[in-house]
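Numbering (full-length UniProt numbering), first residue to last: 1 to 146.
Notes to accompany the following structure.
Structure (structure tokens):
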């Protein structure tokens, strides 16, 4: 069992809980300056979240798979061009919802991508590596669910 990977996965789960979408309405009911401060802090936390997802994907050997990092760019644009506008919070939260995978969806997405690569792969060595990745993901996820 890869202990570093398990710790990263647990950190990601905690971060996913921290970035819960249900608390958005309460956070952004303040003055425009406080409002933009919360959004900027949230943006930084989301950047950390994406970095951790990428690190976990690399640990599974699927670093060529891109996560929705374009969403971070769109979030940054919303904050810096429309941050004080009323609809900025709504746009930000919609983008946040796209970005914040539930943990199970994150694992399912990784599995789907690995299985797609496995189905299209003809090299026996690469197939063996991808099968090992599938087993590793399932082991980590089963520990994570306990």
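Cβ coordinates follow ideal geometry from the N, Cα and C atoms, glycine included.
Computed from a predicted structure; not experimentally measured.
Rounded straight-line distance, which links the Cα of residue 57 to that of residue 110: As a working mapping, residue 110 is identified with position 110 in the chain shown. As a working mapping, residue 57 is identified with position 57 in the chain shown. Taking the CA atoms as reference points, residue 110 sits about 7 Å from residue 57.
Find out if the Cβ-Cβ distance for the pair residue 46, residue 79 is shorter than 7 Å. The sequence position of residue 46 within the chain shown is 46, counting from 1. The sequence position of residue 79 within the chain shown is 79, counting from 1. Cβ atoms of residue 46 and residue 79: not closer than 7 Å.
Helix, strand or coil for residue 140, going by three-state DSSP, please let me know. Reading the chain shown from its first residue, position 140 is the one you call residue 140. Reduced to three states, the DSSP call for residue 140 is helix.
Backbone CA spacing between residue 94 and residue 82 [nearest angstrom]: The residue you call residue 94 lines up with position 94 of the chain shown. The residue you call residue 82 lines up with position 82 of the chain shown. Straight across, the Cα-Cα distance linking residue 94 with residue 82 is about 14 Å.
Is residue 121 helix, strand or coil when you go by DSSP? Against the chain shown, residue 121 aligns to sequence position 121. Correct three-state label for residue 121: coil.
Just to confirm, are residue 92 and residue 39 a CB contact at a threshold of 7 Å? Here residue 92 is taken as the residue at index 92 of the chain shown, counted from 1. Here residue 39 is taken as the residue at index 39 of the chain shown, counted from 1. Their beta carbons are under 7 Å apart, which means residue 92 touches residue 39 by this criterion.
Distance CB(residue 62)-CB(residue 129) smaller than 7 Å: Translated into positions along the chain shown, residue 62 becomes position 62. Translated into positions along the chain shown, residue 129 becomes position 129. Going by C-beta atoms, residue 62 is not nearer than 7 Å to residue 129.
How long is the line joining the alpha carbons of residue 11 and residue 139, rounded to whole angstroms? Start at 1 with the first residue of the chain shown, and residue 11 comes out as number 11. Start at 1 with the first residue of the chain shown, and residue 139 comes out as number 139. About 17 Å.
Any idea if residue 155 is buried or exposed, counting beta-carbon neighbours within 10 angstroms, 16 or more meaning buried? With the chain covering only 1 through 146, there is no way to say anything about residue 155.
Cα separation between residue 123 and residue 117? Walking along the chain shown from the start, residue 123 turns up at place 123. Walking along the chain shown from the start, residue 117 turns up at place 117. If I take the Cα positions, the gap works out to 11 Å.
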